[in-house]
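Same order as they appear, the protein sequences are chains A, B and C.
The letter at position 3 of the first sequence is residue 2 when you use numbering that gives the first Met the number 0, and the numbering goes up by one with no holes.
The letter at position 157 of the second sequence is residue 156 when you use numbering that gives the first Met the number 0, and the numbering goes up by one with no holes.
The letter at position 242 of the third sequence is residue 241 when you use numbering that gives the first Met the number 0, and the numbering goes up by one with no holes.
Note that the Cβ used here is the ideal one computed from N, Cα and C, for glycine as well.
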Amino acid sequence: MPEGINVKPILGEPVLKAEDLTVRFKRRNTDVAAVNGVSFALRAGETMTILGESGSGKSVSLKALMGLLPPYAQIQGKVWLNGRDMLTMPKAELGKLRGGAISMIFQEPMAALDPVYTIGEQISETIVQHEGISYTDAMKRALGLLEQVKIPSAERRLKNFPHEMSGGMRQRAMIALALACSPSVLLADEPTTALDVTVQIQILLLLRQLQEELGMAIVFVTHDVGAAAEISDRIAVMYAGRFVESGTVREIMKSPKHPYTQGLLSSTVHGGLRGRVLETIPGSPPNLAELPPGCAFAPRCRHVTDGCRSGIIPVITSDSGAMVRCVRATETVTA
Amino acid sequence: MSTTQTLDARDRGGPAQPLLTVDNLRKYFPVRGGMLNRQIATVQAVDDVSFSVRKGETLGIVGESGCGKSTTARLLMHLIKPDHGDIIFDGDAVGVESGITVNQMRRQMQMVFQDSYSSLNPRMTMTESIAYAPRMHGLSGKAALERAETLLSQVGLNPGHFARRYPHELSGGQRQRVNIARALALEPRLVILDEAVAALDKSVEAQVLNLLSELKSSFNLTYLFISHDLNVVEYMSDRVLVMYLGRVVETGPVEQIYRRPRHPYTRALFASKPTLDPDRRTTEMPLTGDPPNPINPPSGCRFRTRCAFAQAICAEQIPTLALPFEDVADTATPHLVACHRPEAQAAMGGAHHA
Amino acid sequence: MSDATMDIAGPTLPKIDQQKLAPSPGYWKSVGQRLLRDPVTIAVTCIILTILFITIGAPLVTSADPFQGSVLMRLKPIGTPGHGLGTDETGRDLWTRLCYGGRLSLLAGVLPVTFALAIGGSLGVLAGYAGGLVGTLIMRVMDVFYAFPSILLAIAICGMLGNGLTNSILALSIVFIPPLVRVSETVTTQARQLDFVEAARASGTTTFQVIRHHVLANVLGPILVYATSLISVSIILSAGLSFLGLGVTPPTPEWGLMLNSLRQAIYVQPYVAALPGLMIFITSMSFNLMSDGFRSAMDVRLNK
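See the structure below:
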């Protein structure tokens, strides 16, 4: 197969930038540190995947970016969308951005689509609300969008209700809805997880193609290493609310530096491992209500040293922009 | 992995006799609706499925949602009554007068479900759950509890910590270990693993897969491994059965199926698998659209509506599982394909899907 | 069953997944702990216990005779010396009548629900577990009962059987069977689809054992909670029947009947006349809140 990945020049101002984003869920007798300082910058046309297991804080980060967390969530840090701070923005303005300059797709399309309206009505409604154009024009745009996401016989599908469509079609319809106002950032929360493998690859290819056509930035959240390898330019590996490693898709897939990333990749099953005992990461992820000091991965790490359990873990950034948060990073990066 | 069988006292037909043989298994679910709750359609969930599982092997069943793989598992356990078909366990027909009863079969055949939480009774502790079935089968309470604690440690959970816990206190991986222990409590010979690792995180999934492999050799188990995950099936199975819309489309040894898939559907399925290699990304869609609705599936070959090689005969005749034309009869583990035009596949050349 | 295969050396696995966990308190203990952390439920449970005490132990908290009236002491206001809560239209001490009257009111609240629970619960579990023709048959019969408003149905049955306490309890039992059948059928249908019920069936457990150990244990909680909430309805309905003259007959003290007979005095002594009503309100409200409290305390998953 030919070189399927284009190395994009990292140019221009980032469209989405987060600095030290933290999210805590404080309630009567629990204090869950879900996200503990996430920073990144994303440029137009770039896809960053946040890769992590359940409870790593990947979905919470995404919802924090979109302002979708419940009121008791305490969000700190800074998030800029096209240079404007989203977290201090008045609610009304944020509402305009949502579905406009930044939009989101979900794992379960039925959660994002309203069951009592047709697909066409929902898409055109969004366009009318954000751009104030006439309903007829909006409906024409909706038709164009459905064609763009490759829904066959789009004209007929405009009049379909979500429950009349198959899973893959619904996912496409949701993508069309998210793209209605040509967002500069698309947030994707596990959009392929619930799909069959033959449909999953179709959606991944569609997202890649749409990005080429529209030039938006994508934040793709998944637990699936395979999907991440198919779609990302960059991958950030998340563990216990922190990015433990980030880099280009090649750097992460081919020479992971952080012991957690290494463990995650080697415990990802593939046929070549037949007959061999799988390498595993022992134990299970930490309780976010009682995070250990130092490196959160230390209790499961095979290279653990005394330095891991106390103090601040150094963050090593290489010339290429790759980042590792590990005491041993200096050794592994140079190794 | 298949010939290192030690003698099991319950073995009847010797190693050559399949542990489980399934013949023409069929289940149609009625779809009711309308004013009088009449049957308005039929879901052909499982249609004439036949296969056998040899002693000591792992047979993988792979397919997408709606292909009937989970229904097959429930039919085998008689959790759903089959409409038609014979189940033969180690030479004994199940549920017929001359054979063994369903309950006798269930003593030797157990199942692990996908959802680790809902498959444990929330009101029972871990040892109570594991000890339950042996006690119902007449083991004394004390002996059953002892067996439960032994099993807990055999699945890697310290009984001191976990024996008296309730399901909601455990993580998904820990609960699935308990479910495996519960399935082993009756000392079954065949364990059906129905998407048993699908809901787990990757790092936990690997732990549980390792556990399954170890248990298989130490308890002389035979597995029926059902999953939608092609990688996991390839890792675990000796032979593979590929299902599409309620029918078996291809079956054979895992290496042959994965190296040289013959059925157009199997090819497309494997080509859809993410490559895990950023330098060799998938660039073309192997298949378009979703699988059709299992209510009123296409006539003839059920894959023909999405098949690039479909011809008139594909709509008229149901293809039967057969050796592709150029294969020399490898009778021990034949590679069978249900396709009218396997030569079209051969003409495509043996493109490898790693 | 032989232990032969158990003796084959088990796999020696690395001991993993063993982070320290606090000792498990057990299900009912943890329910108790959650109840103790819920002040509303504790308060209403105390109120119910108090009401139980003063009604059952009525002779201990009052020395007056609930039937002994006095022409001179008719309709005295609250705070009258010797009659702290006033007197009724025939001069009987209201506090005493409330204490004794609670006996029948509570009985009329609890008994119909208990009978209905026994019959309706079993029918519902049967319908839910068996499904199919049996289930449909039971549910359709219940639907017929649903066609009548419960109070009208109770009045009709009482009218047919004649008045009296026994008949009103019987009538209310019949009224409460359909909702209990429906609730138990729903929770049982949900429970029987859970994988652990399938797993139990797959291990060759008999249907009776599956229902007893796996289904009942998990549906009894929600059914009981629902039944508790019906107690308040039953108290109100039986008071209503008495009020209409279909339940107990005068001079027997009973809250609904007292409310009826004091009705004419509403302009003379409005506060006294309202007292039986207040008791009905407090009692039924407490039962309602208590069932709510138990519902949330018994939900294992909320406590994560």
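query                                                                                                                                     : result
C/LEU48 burial status per 10 Å Cβ neighbour count (16 or more: buried)                                                                    : exposed
is_contact[B/HIS136, chain C] using C-beta, thresh 8 angstroms                                                                            : yes
Three-state secondary structure assigned by DSSP to C/LEU35                                                                               : helix
Segment contact flag, the region 224 to 234 of chain A with the region 60 to 73 of chain A, C-beta cutoff 8 angstroms, min 3 pairs        : no
DSSP state of A/ILE150 mapped onto helix, strand, coil                                                                                    : coil
Best match in C/ALA272, C/SER285, C/MET289 and C/ILE281 for proximity to C/PRO76 [C-alpha to C-alpha]                                     : C/ALA272
Cβ-based burial, C/PRO38 [other Cβ within 10 Å; buried from 16]                                                                           : exposed
At least 3 beta-carbon pairs within less than 8 angstroms: the region 241 to 255 of chain C vs the region 159 to 173 of chain B           : no
Where B/MET104 meets chain A, residues with beta-carbon distance less than 8 angstroms                                                    : Residues of chain A passing the Cβ test: none, with the nearest at roughly 30 angstroms.
Rounded distance between the beta-carbons of A/VAL34 and A/VAL22, thought under 8 angstroms                                               : 4 angstroms
Contact between the region 179 to 189 of chain A and the region 213 to 221 of chain A (3+ Cβ pairs under 8 angstroms)                     : yes
Min CB distance B/ILE39 to chain C below 8 angstroms                                                                                      : no
is_contact[A/LEU263, chain B] using C-beta, thresh 8 angstroms                                                                            : yes
Contacts around C/ILE7, its chain only, beta-carbon distance under 6 angstroms, and the 5 residues preceding and following it disregarded : Low local confidence applies: a pLDDT of 33 at C/ILE7 is under 50, so the model's placement there is unreliable, with the coordinate-based value given in what follows. Correct list: empty, nothing qualifies.
C/LEU20 classed as buried or exposed, judged by whether at least 16 other C-beta atoms fall within 10 angstroms                           : Only weak support exists for where C/LEU20 lies, its pLDDT of 46 falling under 50; the coordinates are left without a value.
Three or more C-beta pairs below 8 angstroms linking the region 14 to 33 of chain B and the region 259 to 278 of chain B                  : no
heavy atom of the ligand PLP below 7 angstroms from B/TYR257 C-beta                                                                       : As far as ligands go, the structure on display features none, and thus does not contain the ligand PLP.
Where C/ASN287 falls: helix, strand or coil (DSSP)                                                                                        : helix
Within chain B, partners of A/VAL276 - CB distance below 8 angstroms                                                                      : ASN209 and SER212
Beta carbon proximity, B/LEU223 to chain C, threshold 8 angstroms                                                                         : no
Presumed contact (8 angstroms Cβ cut-off) between C/PRO58 and C/PRO252, rounded CB distance                                               : Their Cβ separation, rounded to whole angstroms, is 13 angstroms, which puts C/PRO58 and C/PRO252 out of contact at 8 angstroms.
N-terminal and C-terminal residue of the alpha helix (DSSP H) that C/ASP194 is part of                                                    : 194 to 201
Alpha-carbon to alpha-carbon, B/ASP7 and C/GLY9                                                                                           : Any reading at C/GLY9 must be qualified, since the residue scores a pLDDT of 36, below 50, and its modelled position is unreliable; the value itself is stated next. About 16 angstroms.
Nearest-angstrom Cα separation, counted from A/GLU211 out to A/PRO204                                                                     : Per the sequence presented here, residue 204 of chain A reads as Leu, with Pro not at that position. Whole-angstrom Cα-Cα distance: 11 angstroms.
Where A/GLN170 falls, given that 16 or more other Cβ within 10 Å makes a residue buried                                                   : buried
Alpha-carbon to alpha-carbon, C/ALA216 and B/THR71                                                                                        : 30 angstroms
Beta-bridge pairing of B/TYR243 - partner residues as DSSP gives them                                                                     : B/ARG246
Span of the alpha helix (DSSP H) around B/GLN103                                                                                          : 101 to 107
Identity of the residue in C/LEU35, C/LEU105, C/PRO111 and C/LEU106 nearest C/PRO178 by Cα                                                : C/PRO111
Contacts that B/LEU275 makes with chain A (C-beta to C-beta distance below 8 angstroms)                                                   : VAL224, GLY225, ALA228, MET252, THR267 and HIS269
B/ARG106 versus B/ASP278, B/PRO296 and B/ALA182, residue with shortest Cα-Cα distance                                                     : B/ALA182
Buried or exposed by the 16-neighbour rule on C-beta atoms within 10 Å, applied to A/HIS162                                               : exposed
Contact with chain A by B/SER117, beta-carbon distance below 8 angstroms                                                                  : no
CB contact below 8 angstroms: A/ILE49 versus chain B                                                                                      : no
Cβ of B/PRO121 within 8 angstroms of any chain C Cβ                                                                                       : yes
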